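*Asks:* In terms of the working numbering, the sequence shown has 461 at position 405, counting the first letter as 1, and numbering is strictly consecutive.
We put the CB at the ideal spot given by N, CA and C, even for glycine.
Since the model is a prediction, treat every value here as computed from it, not as a measurement.
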Amino acid sequence: MSATDSTHVESEAGQGGVFKVTFEWDDSQGIPGAVLVRNTYRSEYLLKTLTLHGVPGKGTVVFVANSWIYPNVDRVFFANDTYLPSKMPALLVQYRQDELNNLRGDGTTGKYEEWDRVYRYDYYNDLGEPDKGHPRPVLGGTQELPYPRRCRTGRPPTKTDPRSESRIPQYKIQEALNIYVPRDERFGHLKLSDFLGYSLKAITEAILPIIRTYVDTTPKEFDSFQDIYDLYDGLLKVPDNQHLKELKKKIPLPFIKSLLPVAGDDLLNLPLPHVIRSNDYAWRSDEEFAREMLAGVNPVCIKRLTEFPVKSTLDPSVYGDQSSTITEDQIQQNLEDGLTVKQAMEKNRLFILDHHDNFMPFLDRINKLEGNYIYASRTLLFLKADGTLKPLAIELSLPHPQGMQHGAESKVYLPAGIESGVDGQIWQLAKAYASVDDSAWHQLISHWLNTHAVIEPFVIATNRQLSVVHPVHKLLSPHYRDTLNINALARTTLINAGGVFEMTVFPEKYALEMSSIVYKNWKLTEQGLPDDLVKRGMAVPDSSSPYGVRLLIKDYPYAVDGLVIWWAIERWVNEYLAIYYPNDGVLRADKELEEWWKEVREVGHGDLKDADWWPRMVTVQELAKTCTTIIWVASALHAAVNFGQYPYAGYLPNRPTVSRRKMPEEGEEEYKQLQKGGKEADKVFIHTITSQFQTILGITLIEILSKHSSDEVYLGQRDTPEWTSDAKALEAFKRFGTRLMEIEKRILDMNKDPALKNRNGPVKMPYMLLYPNTSDVDGEKGLGLTAMGIPNSVSI
């Protein structure tokens with residue numbers, strides 16, 4: 057018998073084509089379940105799919121590859137059928153096992169090359185450069201500094217510290233872009249050419265020196281809000297920069313050269329951030345300051361207040377008394393409806409953004425770094441009758457000057473309008489200091505640790521232990537797309553010693569060490585949205601709700617949209633898993649799943665392996681909850697904390713990342729400037745927060761990180777329509793997409809409801825960060841800086 061094959065392949069440059077071949081085989085051997093592919097050309101190519109047409113008794117058989125084929129290496133690809141290990145056709149069992157062994161690469165040594173397909177674990181030991189005097193602690197492998205594992209590269213150790221891995225020199229641009237991850241994990245041609253890999257390196261290698269030249273030939277401070285607005289109007293020009301000329305000479309790639317500006321060009325071509333598009337100063341209002349805790353870029357930290365005065369969880373034998381100094385008398389006057397503090401707590405109307413304990417243990421070291429004056433902050437808020445929040449007080453604390461064991465030195469600041477003279481100016485500064493804490497926590501914990509870092513071990517374990525034909529691999533793999541690559545680039549450019557993160561966010565060289573301390577208390581079982589909301593006191597369990605919880609702030613855009621997204625993911629996961637696991641016994645017999653979960657717990661997140669919260673993974677319900685959580689974290693949670701970065705923080709006065717001066721006090725020169733009001737007061741504010749250099753570098757970066765690429769794949773979409781041959785799975789996935797498109801309409805309708813004040817706020821920015829964008833099948837609506845859309849994965 058014979059059948060026609062159509063094979064979709066693509067070259068390195070992204071040029072694809074479909075080739076037709078005729079195969080012959082004996083139909084007594086049955087329907088082909090796998091295909092052996094060998095590349096006899098001199099260079100690699102991307103094999104996307106291989107489709108057999110006219111197969112007797114089957115019609116069409118599709119082999120989904122999406123893999124780079126290197127010369128003279130035999131590769132096996134399975135048909136797009138789905139098999140538990142016990143159901144695999146006998147003739148294919150060994151091929152299944154061999155493929156997993158190849159991906160594990162256990163026992164291999166040395167540096168991995170681009171053609172290697174090895175998924176192995178390593179510590180975060182490549183952030184510092186001890187040979188150059190820039191060491192950073194190894195994260196992972198100890199109880200003192202635990203951390204999720206990352207993908208191993210096999211680079212040799214440094215000379216001065218054998219535990220640390222050597223880094224790729226910054227000037228080797230192409231090599232740094234190609235930092236090892238398995239080739240199939242690297243960005244596709246479209247994404248790379250859009251902006252990401254080359255742009256990140258262009259920032260550090262080209263724009264960074266240009267910025268330094270600019271700030272070295274002009275005053276090193278913005279002096280007014282207008283100076284900052286000029287960043288968005290193209291008024292800053294590229295100087296005649298010798299470094300840029302030298303860089304262009306040694307770059308061999310024309311595409312990268314085209315990214316680099318020339319003298320006379322606009323230094324920055326930045327769009328106006330959403331937060332100041334409708335009103336230049338609405339961001340300064342108390343309502344917007346509070347609203348962004350519910351609908352901003354970091355809506356995952358606010359908690360319900362359950363005790364007053366606020367107590368600390370820090371060890372008093374080490375840190376002394378760290379209890380809050382906010383008193384009832386200070387906040388009583390701003391409560392509404394005649395409530396006392398106790399009554400307001402009982403009625404669930406008091407909330408807190410508490411960063412005191414997060415930063416206090418590090419402030420001694422952080423404030424010794426040049427250019428830092430950071431406070432540990434607590435912000436109390438009241439839920440008004442119209443559903444909006446208003447701040448009641450901000451407490452700013454420093455370690456006691458006689459030593460941490462003596463507790464904290466704290467001062468409380470109360471709301472005052474900007475028209476209230478010096479008190480209003482002091483209040484604006486208090487909000488800025490609190491925002492600095494929240495910005496650092498957002499970047500370091502909410503974003504990097506709780507999405508990027510914690511997902512990577514699942515990516516590695518899934519590829520090592522679950523065959524591509526395993527139902528759970530098929531379920532989860534879309535939610536791993538590009539994660540290893542973006543994390544590897546982050547280690548190269550962003551979170552490394554002297555990287556962009558250390559230069560723009562106040563913890564600086566202590567940043568990743570701080571995230572390690574936070575990771576000690578990370579629990580997978582608390583990462584799902586309903587559990588997180590209950591833990592923070594923002595919701596209570598409610599069996600009558602389809603989400604299992606009831607929100608205590610009804611107009612909480614992140615939670616309102618997030619819960620319905622969670623529900624849609626949960627339904628899809630349960631419907632899908634029920635096809636393959638009709639009962640718990642089938643799950644317990646799944647040896648691949650058992651090894652997968654064992655490796656996630658004991659290796660990928662091995663520093664926490666003895667924690668008692670880990671699910672045993674012996675029931676379908678446990679598997680469904682775990683998969684729902686993984687998908688939620690990789691898709692919706694990451695979208696919520698990533699794609700609002702430029703819209704909200706692209707204007708740094710709204711989300712400053714550093715404070716450099718202490719709060720002015722009566723009699724001091726800065727206090728006298730505040731008393732003058734107007735531009736003099738503005739200058740004090742601007743000179744207190746993120747510097748000119750940090751601002752330009754920071755917003756240049758987050759503009760890139762807030763964009764969607766042209767090959768984005770959104771929740772409810774697949775990059776390969778033939779991802780499975782299972783009709784039941786395809787039908788369930790279609791229902792999932794339909795639900796998500798219904799959610800899109802629901803979000804648009806809520807954003808038009810004037811009663812839901814938190815969905816737009818004073819800045820008139822509709823909350824769209826959890827708008828799925830599933831309906832955007834051609835990718836045009838979501839391209840670029842849209843502040844909407846939920847990609848499947850942590851891909852930027």
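With contact counted as at least three CB pairs below 8 Å, one residue from each stretch, are the segment 167-178 and the segment 223-239 in contact?
*Replies:* Verdict: yes, contact present.
*Asks:* Between which two residues does the alpha helix (DSSP H) holding proline 372 run?
*Replies:* Here the alpha helix (DSSP H) through proline 372 covers 372-375.
*Asks:* Taking 8 Å as the cut-off, decide whether the C-beta atoms of histidine 529 and threonine 518 are in contact.
*Replies:* For histidine 529 and threonine 518, yes; Cβs fall inside 8 Å.
*Asks:* Quick one, which of Glu798, Gln773, Met797 has its alpha-carbon nearest leucine 786's?
*Replies:* Selected option, being the one with the closest Cα: Gln773.
*Asks:* For the segment 601-646, list the beta strand (DSSP E) runs that are entirely contained and at least 3 residues long, ordered along the chain.
*Replies:* Complete beta strand (DSSP E) runs here, min 3: 605-607.
*Asks:* Return the first residue and the last residue of the alpha helix (DSSP H) that asparagine 543 is part of.
*Replies:* 539-545 is the extent of the alpha helix (DSSP H) around asparagine 543.
*Asks:* Based on Cα-Cα distance, which residue from Ile501, Ser453, Glu512, Ile511 lies nearest to asparagine 577?
*Replies:* Nearest option by C-alpha distance: Ile501.
*Asks:* Alanine 351 by DSSP, collapsed to three states: which one?
*Replies:* It is helical.
*Asks:* Span of the beta strand (DSSP E) holding proline 455?
*Replies:* Counting along the chain, the beta strand (DSSP E) containing proline 455 begins and ends at 445-455.
*Asks:* Could you name the residues of the same chain whose beta carbon sits closer than 6 Å to that of alanine 509, not counting the 5 residues immediately before and after it, in chain order?
*Replies:* These residues qualify, in order along the chain: Pro204.
*Asks:* Pull up the distance between the alpha-carbon of glutamate 80 and that of asparagine 136, whole angstroms please.
*Replies:* If you take the alpha carbons of glutamate 80 and asparagine 136, they lie about 20 Å apart.
*Asks:* Going straight from the alpha carbon of glycine 110 to that of aspartate 782, what length do you get?
*Replies:* If I take the Cα positions, the gap works out to 19 Å.
*Asks:* Going by other Cβ atoms of all chains shown within 10 Å of its Cβ, with 16 needed for buried, is serine 314 buried or exposed?
*Replies:* With a pLDDT of 49 at serine 314, under the threshold of 50, the modelled position of that residue is not reliable, and no figure is offered here.
*Asks:* Who does arginine 131 pair with in a DSSP beta bridge?
*Replies:* Arginine 131 is bridged to Val93.
*Asks:* My guess is that aspartate 666 and proline 202 are in contact by the Cβ rule of under 8 Å, so how many angstroms apart are they, rounded?
*Replies:* At roughly 11 Å, the Cβ-Cβ gap does not stay under 8 Å, so aspartate 666 and proline 202 are not in contact.
*Asks:* Using beta-carbon positions only, say whether alanine 441 and proline 613 come within less than 8 Å of one another.
*Replies:* No, the pair does not count as a contact, with Cβ atoms beyond the cut-off.
*Asks:* On a Cα-Cα basis, can you pick out the residue from Asn506, Val515, Pro818 that is closest to leucine 446?
*Replies:* What sits at residue 446 in the sequence shown is lysine, not leucine. Answer by Cα proximity: Pro818.
*Asks:* Is DSSP giving histidine 535 helix, strand or coil here?
*Replies:* In this structure, histidine 535 counts as helix in the three-state DSSP scheme.
*Asks:* Looking at glutamate 655: is its Cβ nearer than 8 Å to the Cβ of glutamine 521?
*Replies:* Going by C-beta atoms, glutamate 655 is nearer than 8 Å to glutamine 521.
*Asks:* Determine the DSSP secondary structure at glutamate 185, reduced to helix, strand or coil.
*Replies:* In this structure, glutamate 185 counts as strand in the three-state DSSP scheme.
*Asks:* Is it the case that the Cβ atoms of tyrosine 575 and leucine 505 are separated by a distance below 8 Å?
*Replies:* A contact, by the Cβ cut-off of 8 Å.
*Asks:* Three-state secondary structure (DSSP) at aspartate 336?
*Replies:* Reduced to three states, the DSSP call for aspartate 336 is coil.
*Asks:* Taking the DSSP output, what are the residues bridged to lysine 359?
*Replies:* BP columns for lysine 359 point to Ile408.
*Asks:* Return the bridge partner residues of glutamate 221 from the DSSP annotation.
*Replies:* The partner list for glutamate 221 (beta bridge, DSSP) reads Pro213.
*Asks:* So which of Asn816, Thr794, Gly793 has the shortest CA-CA distance to leucine 804?
*Replies:* It is Asn816.
*Asks:* Can you determine whether any heavy atom of the ligand ATP sits closer than 7 Å to the C-beta of proline 372, and answer yes or no?
*Replies:* Absent from the structure shown: the ligand ATP. Ligands present: none.
*Asks:* Measure the beta-carbon distance from asparagine 829 to isoleucine 852 and round it to whole angstroms, keeping in mind my assumption that it falls under 8 Å.
*Replies:* In fact, because the Cβ distance is near 15 Å, the residues do not count as touching under 8 Å.
*Asks:* Any idea what DSSP makes of glycine 115, helix, strand or coil?
*Replies:* Of the three classes helix, strand and coil, the one that applies to glycine 115 here is strand, per DSSP.
*Asks:* Within 10 Å of its beta-carbon, does leucine 328 have 16 or more other beta-carbons around it, so buried, or fewer, so exposed?
*Replies:* It counts as exposed.
*Asks:* Distance, Cα to Cα, tryptophan 688 vs leucine 826?
*Replies:* Between tryptophan 688 and leucine 826, the C-alpha separation is close to 11 Å.
*Asks:* Please report how far the alpha carbon of glutamate 392 lies from the alpha carbon of glutamine 701, in whole angstroms.
*Replies:* When rounded, the distance between both Cα atoms is 33 Å.
*Asks:* Look at glutamate 759 and leucine 287 and say whether their C-beta atoms are less than 8 Å apart.
*Replies:* In this structure, leucine 287 does not lie closer than 8 Å to glutamate 759 by Cβ.
*Asks:* Bridge partners of histidine 764, per DSSP?
*Replies:* According to DSSP, histidine 764 bridges with Gly840.
*Asks:* Measure the alpha-carbon distance for aspartate 767 versus glycine 723 and round it to whole angstroms.
*Replies:* Using only the alpha carbons, I get a separation of about 58 Å.
*Asks:* How is glycine 394 classed by DSSP in three states: helix, strand or coil?
*Replies:* Of the three classes helix, strand and coil, the one that applies to glycine 394 here is coil, per DSSP.
*Asks:* Roughly how many angstroms lie between the CA atoms of phenylalanine 112 and aspartate 82, to the nearest whole one?
*Replies:* The question names phenylalanine, but residue 112 is proline in the sequence shown. Using only the alpha carbons, I get a separation of about 11 Å.
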